[in-house]
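Report on the structure given below.
Numbering (my numbering), first residue to last: 10 to 82.
Put into C-alpha cells, the structure is as follows:
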C-alpha cells in the first residue's frame, strides 16, 4: 500500500511514496551490524574475560560469553 506524502520542489513535483506494509524489514538492523562487528573483533569476548564470574563451574550450562551476548543483542 502506497501513500503520497508530499511533493517538494527539489523532487520536481514527483510524489514521494511510502510503503507501510512492513515486508522483510527488521527493526534491529543496527544490532545485526553490532553483532557482526563483535564477532569479527571479539569485543564481548574481551569484556567477558575481564569479568569475575564466581559461578563458572560444572553446573553452569551456558558460558558467561553466551549469556552476555544474549543480553546485549
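Virtual Cβ for every residue (Gly too), placed ideally from N, Cα, C.
So for residue i, helix, strand or coil by DSSP?
i	result
residue 80	helix
residue 54	helix
Taking a contact to mean a Cβ-Cβ separation below 8 Å, would you say residue i touches residue j in this structure?
i	j	result
residue 81	residue 53	yes
residue 143	residue 73	Any property of residue 143 remains undetermined from this structure, which presents the chain solely from 10 to 82.
When you compare only the Cα positions, how much space is there between residue i and residue j?
i	j	result
residue 40	residue 68	31 Å
residue 78	residue 56	11 Å
residue 48	residue 64	24 Å
residue 18	residue 42	Confidence at residue 18 is low in this model, with a pLDDT of 48, below 50, so the placement of that residue is unreliable and no value is reported for it.
residue 24	residue 70	56 Å
Based on DSSP bridge pairs, tell me the residues matched to residue i.
i	result
residue 49	DSSP lists no partner for residue 49.
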